[in-house]
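S.K.:
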Amino acid sequence: MLRTRLFGKTYDFPDLRVLMGKANEEKSGDRLAGLAASSAEERAAARFVLAEVPLSAFRDCPALPYEGDEVTRVIIDGLNEASYREIAGWTVGELREWLLSNETAPEEIARIANGLSSEMIAAVTKLMSNLDLVYAASRLRVVRHSVNTIGLPGRLSNRLQPNHPTDSPEGVRAAIYEGLSYGCGDAVIGINPADDSYASVARILDMAYDIVRTWEIPTQTCVLSHVTTQMRCLQQGSPVGLVFQSICGSEKGNASFGISVGMLDEAATLAKKHCYPAGPDYMYFETGQGSALSADANNGWDQLTLEARNYGLARRYSPFIVNTVVGFIGPEYLYDSEQIHRAGLEDHFMGKLHGLSMGCDVCYTNHANTSQNASENLAVLLAAAGCNYFMGVPLADDSMLSYQSTAFHDTAALRQLLRLRPAPEFEAWLESMGLMRDGRLTPKAGDASVFLSR
Amino acid sequence: MMEEERIEAIIEAVVRELAPALGRGDSPAATTGSHNAAAHGAEAPAGAGTAAPSAQARVPPVAPAAAPPRAAMPSPRPPAGATAPQGLSIDLEDPMAAASLARPGVAKPADAEGLAALKDTTTARICVGRAGPRPRTRDLLVFQADLAISKDALARKVDPALLSQFGLFTVSTMVTGGREEYLLRPDLGRRLSEEAKRTVTERCAKSPDIQVCVGDGLSARAIEANLAKILPVIQSGCQVAGLSLGTPFYIEGCRVGAMNDIGDLVKPRVLILLIGERPGLGRADAMSAYMGFEPRSGHSDADRDVVCNIYDGGGVNPLEAGAYVIRLAQRMIAARASGVRLRLAEEKA
């Protein structure tokens, strides 16, 4: 029984699935799925009940059954039993307070988190306010290494996203020069291809690696094609820094992306064998609330819980970076600035608690009820939360994907505002290039033509 | 009118192009332009005919194809009782049409010539320079103007005068709660209202070879910019090709999935839905033509083809798109299939 009285009225929730949906902050995608609370009071009631649920209940009742879903099996089989035994009897409300306590050491959180399933992490996220999410995440540093090191305290990295509408190598190269001159690109130089064919992807991989070699840049490169195309590139000897794939929180959702756990396992093995960085972390995943619902693969569960399960799947591979593309999906899942902000803070916190090197593509499409100002707000909040990296897109306008992300200028400003530095290896390179000094852009910075001299 | 002459010229060209193909009874050779809807989505550039995707690279980086609405201009004379300084007069030519937008904004580049060449390689907003770690004023205002044109396109309705000019009657989908409901409930935009179903049943000729419908989608501006160009080409193309054309109509609150309901009621061989695309930044006039062979309930994007990025000045020219759409319809009729099945059928043949 899951029931409470509130303001004299009785609220009865038939099961955890319904309770979890109604405990969420307002999201258009939960409403579309028929899972949202019907009133603010019902939402409040759901949270009172959720706060009393023991964590073990979520292990016993995952969003998709263990036998029928391989993502569930990845999540449950990956739990550390010793950690789990310590917290199995805690309530969701108790977990929230323990995560926020000044007496809880961050290392202790990382240890216990190995015993938390994705549903448990989703549950506690529903009880967090926005500042809770910022504060709790800021204590969770996740450091990963590939060519360089990401996630160290006091650092903010950037994925350089130099897309071109027709994958013109010259156009992509020019945007890479621009981004580098702003100190961007230390998380990855990652190109979304318009053409997913092997020949086109291999050509861009070669071009990006050529820049990195010519200028001896301590960073990694990636072309965000379907994982099968990248696997072919690896087998044919193309220079691959990170192996990318978009993932979903259920087996059926992943099938709609044309992937499976077996395929990701194979990709990770190939990456370890063929990628050029020192490693040991080679994978790059992207996620976003609503993707499972849009593939009719959410099994009646809310989009926050399905998003948590993305992270449960990702942690199997110790990825170098993961990011939520938070506003890309459209207003039927995240309607306006407030919903996008909330989802961005939730996703970052949940990813970090899963032990992932989380970044965020703070973004929107033009039919969402939001603006560039709202994106800048969220970027400041996430930078304060210790977000590992943001996207770097020329003036935030992606000329291929037709949406607005964050600009090279935004990462530069956030670093100077909050006294954050690039990854240490990359910062040393920027200093040697004369583009940055003591964490600030030099007069020489912001000029792509400095890269025309070699 | 220049525009009318141009349309006539294109129609003549269509006639010339279609005639031999019809004589041979097979479909035209340009098969590479078909983009499957499921595989590429609405953002993929569609290479129809000569308007290859590479044409995009010629778009000036920040100038929209159509001049955006002018900002209200300050009066050159100080109004009575104004507190503005004497003699202040700001009278701007449209800043978004300024040629200077194409020039790099970096203060002291290491290689000025090289920088301009870099900028020419892409429509991305690069070589813009900075104010400290922030964008320069010009670029900030240009960005905001471009966002403004995209936002306004979403809120507007298609001009009724345009619809009556082409004799289009209007029906609605199940969206009754305006733009907000349209955005929040894609399922409602995929189904015709009961009243719409009655109207369509009453007024439309049944079982034509080609049925054309027009939907607002996410941009009224896209319909206004392209309809007068593409529709006459489709109409005369049908005539030349000997294809019967159904009764065209307009659908408010329309999503692509509404094609299934229309197919069930009108039973055309090929349905062409002209629909406004989601506006890109500063680009609100792009339209798509979604097409399906014998669309019915249960069909998905995999059963459809799409010609997207239809707009003047860098996209697929709407006149050429009209001609291409007719050729594609002929291929669908010949293969009795569309979408993935059309591709498979043509590979087999």
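From first to last, the protein sequence lines are chains A and B. The first sequence maps to residues 801 to 1254 in our numbering. The second sequence maps to residues 135 to 483 in our numbering. The C-beta atom is built at its ideal place from N, Cα and C for all residues, glycine as well. Only a predicted model underlies this, so the values are computations on that prediction, with no experimental measurement involved.
1. If I follow the unbroken beta strand (DSSP E) through V1023(A), where does it start and stop?
2. Looking only at its chain, what residues have a beta carbon closer than 7 Å to the beta carbon of A1155(A), apart from the 5 residues adjacent to it on each side?
3. Keeping to the same chain, check which residues put their C-beta closer than 7 Å to that of A837(A); ignore five residues upstream and five downstream.
4. How big is the Cα-Cα spacing for A401(B) and G416(B)?
5. What does the alpha-carbon distance come out to for the pair Y384(B) and S378(B)?
6. Show which residues of chain B have a CB atom less than 7 Å away from the CB atom of Y1135(A).
7. DSSP three-state label for L832(A), please.
8. Report yes or no: is there a C-beta of chain E within less than 8 Å of the C-beta of Q1089(A)?
9. Does DSSP put I1121(A) in a helix, a strand or coil?
10. Look up A423(B) in the DSSP assignment and give the residues it is bridged to.
11. Run through the DSSP bridge pairs and tell me what E454(B) is partnered with.
12. Exposed or buried, which one is T271(B) when buried takes at least 16 other CB atoms within 10 Å?
13. Using CA atoms only, rank isn't needed, just tell me which of S1202(A), I989(A), V1250(A) is closest to Y1084(A).
14. Any residues in the stretch 965 to 986 of chain A with a beta carbon nearer than 7 Å to a beta carbon of chain B? Which ones, in chain order?
15. L927(A): which of I875(A), G1130(A), Y982(A), L1145(A) sits nearest, CA to CA?
16. Give the interface partners of T1165(A) over in chain B, defined as CB-CB distance under 7 Å, in chain order.
17. Indicate whether A937(A) and L249(B) have their beta-carbon atoms separated by less than 8 Å.
18. So, for R237(B): in the same chain, excluding its five sequence neighbours on each side, which residues have a beta-carbon less than 6 Å away from its beta-carbon?
19. Could you tell me whether the Cβ of P1194(A) comes closer than 8 Å to any Cβ of chain B?
20. Would you mind sorting S370(B) into buried or exposed? The rule is 16 or more other CB atoms within 10 Å of its CB.
21. Please confirm whether S234(B) has its beta-carbon closer than 8 Å to some beta-carbon of chain A.
22. L835(A): beta carbon under 7 Å from a heavy atom of the ligand SAH?
23. First and last residue of the alpha helix (DSSP H) that includes M1150(A)?
24. On the criterion of 16 or more Cβ atoms from any shown chain inside 10 Å, does E329(B) qualify as buried, or is it exposed?
25. May I have the straight-line CA-CA distance separating G1062(A) from L1034(A), to the nearest angstrom?
26. Taking just the CA atoms, how far does N1098(A) sit from C338(B)?
27. As a quick exercise: from E315(B), G312(B), P452(B), pick the residue whose alpha carbon is nearest that of P366(B).
28. Considering C1033(A), what are the terminal residues of the alpha helix (DSSP H) in which it resides?
29. Run the CB neighbour count on N443(B), radius 10 Å, all protein chains shown included, and call it buried at 16 or more, exposed below.
30. Leaving aside the five residues before and after V334(B) along the sequence, list all residues of the same chain whose C-beta is less than 8 Å from its C-beta, in chain order.
31. Taking one C-beta from the stretch 355 to 362 of chain B and one from the stretch 406 to 421 of chain B each time, how about it: are there three or more such pairs within less than 8 Å?
32. Could you check whether V1122(A) and S748(A) sit closer than 8 Å to each other, using their CB atoms as the reference points?
33. Based on the DSSP output, what are the partners of R805(A) in its beta bridges?
34. Report the partner residues of Q278(B) according to the DSSP bridge assignment.
35. Please identify the residue among Q1036(A), P1080(A), H1026(A) whose C-alpha is closest to the C-alpha of A1055(A).
36. Just the Cα atoms here: how many angstroms apart are I1017(A) and L322(B)?
M.R.: A quick look at the data gives this:
1. Mapped onto the first sequence, residue 1023(A) falls at position 223. Start and end: 1021 to 1023.
2. Here residue 1155(A) refers to the residue found at position 355 of the first sequence. Note on residue identity: the sequence assigns Gly, not Ala, to residue 1155(A). Excluding positions up to five away in sequence, the list reads A910, A913, V942, R1115.
3. The count along the first sequence starts at 1 and reaches residue 837(A) at position 37. Same-chain partners within the cutoff: K822, R843, A846.
4. Position 267 of the second sequence holds residue 401(B). Position 282 of the second sequence holds residue 416(B). According to the sequence as given, residue 401(B) is Lys; it is not Ala. For K401(B) and G416(B), the distance between alpha carbons rounds to 38 Å.
5. Taking the second sequence and counting its residues from 1, one reaches residue 384(B) at position 250. Taking the second sequence and counting its residues from 1, one reaches residue 378(B) at position 244. When rounded, the distance between both Cα atoms is 19 Å.
6. Sequence index remark: in the first sequence, residue 1135(A) carries index 335 (1-based). Residues of chain B whose Cβ lies closer than 7 Å to the Cβ of Y1135(A) are, in chain order, L318.
7. Along the first sequence, one-based indexing puts residue 832(A) at 32. L832(A): helix per DSSP, three-state reduction.
8. Judged by its chain identifiers, the structure shown contains no chain E, and its protein chains are A and B.
9. Locating residue 1121(A) in the first sequence gives position 321, counting from the first residue. Reduced to three states, the DSSP call for I1121(A) is strand.
10. Here residue 423(B) refers to the residue found at position 289 of the second sequence. According to DSSP, A423(B) bridges with L408(B), V441(B).
11. Within the second sequence, the letter at position 320 stands for residue 454(B). Answer is none; E454(B) lacks a bridge partner.
12. Numbered from 1 along the second sequence, position 137 holds the residue referred to as residue 271(B). Exposed, by the Cβ-count rule.
13. Here residue 1084(A) refers to the residue found at position 284 when the first sequence is read from its first residue. Comparing Cα positions, the closest option is I989(A).
14. P965, T966, S968, E970, G971, A974, A975, Y977, E978
15. Against the first sequence, residue 927(A) aligns to sequence position 127. Minimum Cα distance to L927(A) is reached at L1145(A).
16. Locating residue 1165(A) in the first sequence gives position 365, counting from the first residue. Taking a Cβ-Cβ cut-off of 7 Å, the neighbours of T1165(A) in chain B comprise R412, given in sequence order.
17. As a first step, residue 937(A) must be located in the first sequence, where it is residue number 137. As a first step, residue 249(B) must be located in the second sequence, where it is residue number 115. For A937(A) and L249(B), no; Cβs fall outside 8 Å.
18. To locate residue 237(B), count along the second sequence from 1; it is residue 103. Nothing meets the Cβ criterion.
19. For the purposes of this step, residue 1194(A) is identified with residue 394 of the first sequence, where counting begins at 1. Yes, its Cβ sits closer than 8 Å to a Cβ of chain B.
20. Here residue 370(B) corresponds to residue number 236 of the second sequence, with the count starting at 1. So S370(B) ends up on the buried side.
21. In the second sequence, counting from the first residue as 1, residue 234(B) sits at position 100. Not one chain A Cβ lies under 8 Å of S234(B).
22. This structure does not include the ligand SAH; it has no bound ligands of any sort.
23. Stepping through the first sequence from its first residue, residue 1150(A) is reached at position 350. Run containing M1150(A): 1137 to 1153, per the alpha helix (DSSP H) assignment.
24. On the second sequence, position 195 is the one that residue 329(B) refers to. Under this definition E329(B) is an exposed residue.
25. Position 262 of the first sequence holds residue 1062(A). Position 234 of the first sequence holds residue 1034(A). The alpha-carbon of G1062(A) is positioned some 17 Å away from that of L1034(A).
26. Translated into the one-based positions of the second sequence, residue 338(B) becomes position 204. Translated into the one-based positions of the first sequence, residue 1098(A) becomes position 298. For C338(B) and N1098(A), the distance between alpha carbons rounds to 40 Å.
27. The residue given as residue 366(B) occupies position 232 in the second sequence. For P366(B), the nearest C-alpha among the options comes from P452(B).
28. Residue mapping note: residue 1033(A) aligns to position 233 of the first sequence, counting from 1. Start and end: 1027 to 1035.
29. Numbered from its first residue, the second sequence carries residue 443(B) at position 309. Per the 10 Å Cβ criterion, buried.
30. Position 200 of the second sequence, counted from the first residue, corresponds to residue 334(B). Cβ within range, chain order: V305, L326, F383, I396, L399, V400.
31. They touch, by the three-pair rule.
32. Residue 748(A) lies beyond the stretch modelled for chain A, which goes from 801 to 1254, so this question has no answer here.
33. Residue numbering aside, residue 805(A) sits at position 5 when the first sequence is read from its first letter. According to DSSP, R805(A) bridges with T810(A).
34. Counted from its first residue, the second sequence places residue 278(B) at position 144. None; Q278(B) has no bridge partner.
35. Walking along the first sequence from the start, residue 1055(A) turns up at place 255. Here the closest residue by C-alpha is H1026(A).
36. Taking the first residue of the first sequence as 1, we reach residue 1017(A) at position 217. Taking the first residue of the second sequence as 1, we reach residue 322(B) at position 188. Taking the straight line from one Cα to the other gives about 51 Å.
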